[in-house]
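The opening residue of the sequence shown carries number 281 in this note's numbering; numbering runs sequentially from there. We treat Cβ as the ideally placed atom computed from N, Cα and C, and that holds for glycine. Below: one structure, written as structure tokens.
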Amino acid sequence: MYAKKQLIYTVLALVFFFLLGWKTSEYYLSTNGSDTGILESGNGNESINIDNPQDANMALFWDVWEEMDLYYIDELAVQDDKKLVYGSIKGLVGSVGDPYTVFMDPKETKEFEENLNGSLEGIGAELTAEDGFLKVLSPLKNSPAEKAGLLPGDIIFQINGEITGEMTLFDAIMKIRGEKGTDVTLTIIRESVEEPFDVTITRDSITIESVTYELLEEGLAYISINQFSDDTSSEFDNAVQKLLLDNPKGLIVDLRYNGGGYLDISVEILSQLIKGEEIAVQIQTREQDENEMLYLSGDGKLSEIPLVVLVNNGSASASEIMAGAIQDYKRGLVIGETTYGKGSVQEVIYLEDGSSLRMSIAHWLTPNGRSIQEVGITPDRIIELTSEDAVANKDTQLDEAIGYLLNL
Numbered sequence: 281m282y283a284k285k286q287l288i289y290t291v292l293a294l295v296f297f298f299l300l301g302w303k304t305s306e307y308y309l310s311t312n313g314s315d316t317g318i319l320e321s322g323n324g325n326e327s328i329n330i331d332n333p334q335d336a337n338m339a340l341f342w343d344v345w346e347e348m349d350l351y352y353i354d355e356l357a358v359q360d361d362k363k364l365v366y367g368s369i370k371g372l373v374g375s376v377g378d379p380y381t382v383f384m385d386p387k388e389t390k391e392f393e394e395n396l397n398g399s400l401e402g403i404g405a406e407l408t409a410e411d412g413f414l415k416v417l418s419p420l421k422n423s424p425a426e427k428a429g430l431l432p433g434d435i436i437f438q439i440n441g442e443i444t445g446e447m448t449l450f451d452a453i454m455k456i457r458g459e460k461g462t463d464v465t466l467t468i469i470r471e472s473v474e475e476p477f478d479v480t481i482t483r484d485s486i487t488i489e490s491v492t493y494e495l496l497e498e499g500l501a502y503i504s505i506n507q508f509s510d511d512t513s514s515e516f517d518n519a520v521q522k523l524l525l526d527n528p529k530g531l532i533v534d535l536r537y538n539g540g541g542y543l544d545i546s547v548e549i550l551s552q553l554i555k556g557e558e559i560a561v562q563i564q565t566r567e568q569d570e571n572e573m574l575y576l577s578g579d580g581k582l583s584e585i586p587l588v589v590l591v592n593n594g595s596a597s598a599s600e601i602m603a604g605a606i607q608d609y610k611r612g613l614v615i616g617e618t619t620y621g622k623g624s625v626q627e628v629i630y631l632e633d634g635s636s637l638r639m640s641i642a643h644w645l646t647p648n649g650r651s652i653q654e655v656g657i658t659p660d661r662i663i664e665l666t667s668e669d670a671v672a673n674k675d676t677q678l679d680e681a682i683g684y685l686l687n688l
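Right under this line is the structure:
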């Protein structure tokens with residue numbers, strides 16, 4: 281049997297990934313504001329030196345504040361000045377329409393950092409945001425979400441009776457996460473079911489292997505990379521070392537539903553697949569006249585083995601960089617569906633009160649200069665998985681990869 285990933289049929293555009301109970305799958309340049317030159321922070325009385333926007337009438341802002349303070353029906357709701365300021369900043373940041381540019385208050389920042397540091401508990405599911413609602417991208421194998429019967433494509437309409445459309449994405453995620461042994465009730469809308477229904481899930485500790493592998497019956501090596509985390513490179517090395525003992529006829533690297541991770545880890549793996557100190561990725565900012573280049577290490581110990589890379593609309597960020605480089609250097613064949621199109625770089629600026637700003641500061645480009653943002657990577661062979669395939673647990677994309685390698 282193939283070590284197949286769970287097949288998922290999705291029909292809606294993906295907007296954002298979160299892995300409940302694990303690390304978020306974004307690559308951040310984490311900096312302190314006082315060290316970056318982007319934000320000058322000091323004793324709290326300094327201000328950012330920017331040109332006065334011609335169309336920004338701050339008097340209007342204070343007029344609205346005063347009217348709310350004097351006449352809003354719930355007087356207590358407008359007495360927390362700090363809450364009002366944070367809400368105003370979130371409105372400013374959100375006005376650019378970038379789901380990856382986010383302001384978090386101190387409490388949210390602390391919770392987010394705890395997420396990145398692991399030791400998390402939740403239901404174990406990858407989610408997207410669509411039209412203000414949460415949608416299940418994939419329940420993790422053997423997770424509470426899978427055991428409770430959540431399916432790819434399920435819309436989470438309510439969390440413990442609260443409508444998700446009235447929440448921020450971050451708030452919704454935090455409401456689903458929680459301590460091991462506690463319950464969360466999700467109201468689910470499923471295409472095949474006429475009425476919404478409730479599912480109660482008991483949270484648990486969540487772990488996930490970033491790399492799984494096996495030698496397929498056809499004598500082909502199969503490696504699935506679920507995310508590019510701290511240990512992914514060493515796990516990939518271990519998989520390669522064991523698989524090469526059987527002298528495989530070809531290699532299939534499965535990046536489906538890999539939402540990304542650390543760019544340097546993906547470059548390390550790319551350096552095994554492509555020989556030479558070539559460009560791995562270009563980084564484009566608004567200030568630089570020329571793009572910054574990241575290069576491969578030149579190892580290329582797997583550069584001679586026939587290669588197929590599998591992708592789909594759940595492959596994002598560092599996964600797209602990897603697939604794009606494989607295409608640009610004609611190193612192997614990319615099979616599957618057009619990838620997500622997450623080609624932006626986020627910088628984290630920590631502010632003096634404990635809040636933070638996560639801001640898009642650059643775009644990834646493939647070695648040949650192709651943009652990924654909002655367009656993704658188009659596979660060399662487009663093979664879509666249908667709902668019938670998912671029900672039958674039939675992996676036509678993997679079958680196409682096997683057929684291609686066996687016929688070389």
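Nearest to residue i (by Cα), restricted to the options the options
i           : options            : result
residue 681 : 642, 615, 655      : 615
residue 592 : 621, 578, 427, 636 : 621
residue 594 : 673, 408, 650      : 408
residue 606 : 571, 553, 567      : 553
residue 533 : 492, 652, 429      : 492
residue 473 : 457, 431, 495, 494 : 431
residue 449 : 422, 378, 566      : 378
residue 648 : 641, 391, 571      : 571
residue 608 : 339, 496, 484, 659 : 659
residue 654 : 641, 673, 619      : 619
residue 679 : 520, 497, 573, 631 : 497
residue 631 : 390, 672, 524      : 390
residue 640 : 361, 346, 525, 566 : 566
Own chain, CB closer than 6 Å to residue i, minus 5 neighbours either side, in chain order
i           : result
residue 324 : Note on residue 324: pLDDT 37, under 50, position unreliable in the model; the coordinate value appears next. Here the set comprises nothing.
residue 531 : 501, 585, 587
residue 484 : 424, 460
Beta-carbon spacing of residue i, residue j below 7 Å
i           : j           : result
residue 561 : residue 503 : no
residue 256 : residue 388 : No answer is possible for residue 256: the residues shown for the chain start at 281 and end at 688.
residue 610 : residue 580 : no
residue 279 : residue 505 : An answer regarding residue 279 cannot be provided, because it is not within the stretch 281 to 688 covered by the chain.
residue 499 : residue 529 : yes
residue 405 : residue 428 : no
residue 439 : residue 469 : no
residue 652 : residue 623 : yes
residue 540 : residue 452 : no
residue 437 : residue 386 : no
Spatial neighbours of residue i in its chain, beta-carbon cut-off 7 Å, leaving aside the 5 residues before and after
i           : result
residue 664 : 617
residue 344 : none
residue 676 : 663, 665, 669
residue 517 : none
residue 301 : Any reading at residue 301 needs caution, since the residue's pLDDT is 34, under 50, leaving its predicted position unreliable; the model's value is listed next. Cβ within range, chain order: 400, 401, 402, 403, 404, 457, 486.
residue 349 : 358
residue 583 : 553, 554, 555
residue 604 : 646, 650, 652, 657
residue 519 : 491, 493, 503
residue 495 : 501, 523, 526, 528
Supposed close pair residue i, residue j - CB separation, criterion 8 Å
i           : j           : result
residue 380 : residue 638 : 7 Å
residue 628 : residue 643 : Going by Cβ atoms, the distance from residue 628 to residue 643 rounds to 17 Å, so no, they are not a contact pair.
residue 590 : residue 536 : 5 Å
residue 568 : residue 645 : Actually they do not touch by this definition, with Cβ atoms about 12 Å apart.
residue 635 : residue 384 : 6 Å
residue 542 : residue 559 : With a Cβ gap of about 18 Å, residue 542 and residue 559 do not count as contacting.
residue 420 : residue 369 : At roughly 34 Å, the Cβ-Cβ gap does not stay under 8 Å, so residue 420 and residue 369 are not in contact.
residue 373 : residue 382 : 7 Å
residue 433 : residue 489 : Contact flag wrong, Cβ pair sits at about 24 Å.
Beta-carbon contacts of residue i that lie in its chain and below 8 Å, excluding the five residues immediately before and after
i           : result
residue 684 : 588, 613, 615, 661
residue 263 : The first residue shown for the chain is 281 and the last is 688, placing residue 263 beyond what the model contains.
residue 545 : 508, 509, 510, 512, 513, 598
residue 557 : 575, 576, 577, 578
beta-carbon residue i near the ligand GTP non-hydrogen atom, thresh 6 Å
i           : result
residue 425 : Of ligands this structure carries none, so the ligand GTP is not represented either.
Q: Assess, as a yes-or-no matter, whether the stretch 589-606 is touched by the stretch 345-358 under the definition of 3 or more beta carbon pairs within less than 8 Å.
A: no
Q. Counting pairs of beta carbons, one from the stretch 477-487 and one from the stretch 461-468, are three or more of them closer than 8 Å?
A. yes
Q) Touch check for the stretch 540-557 and the stretch 505-520: three-plus C-beta pairs under 8 Å? A) yes
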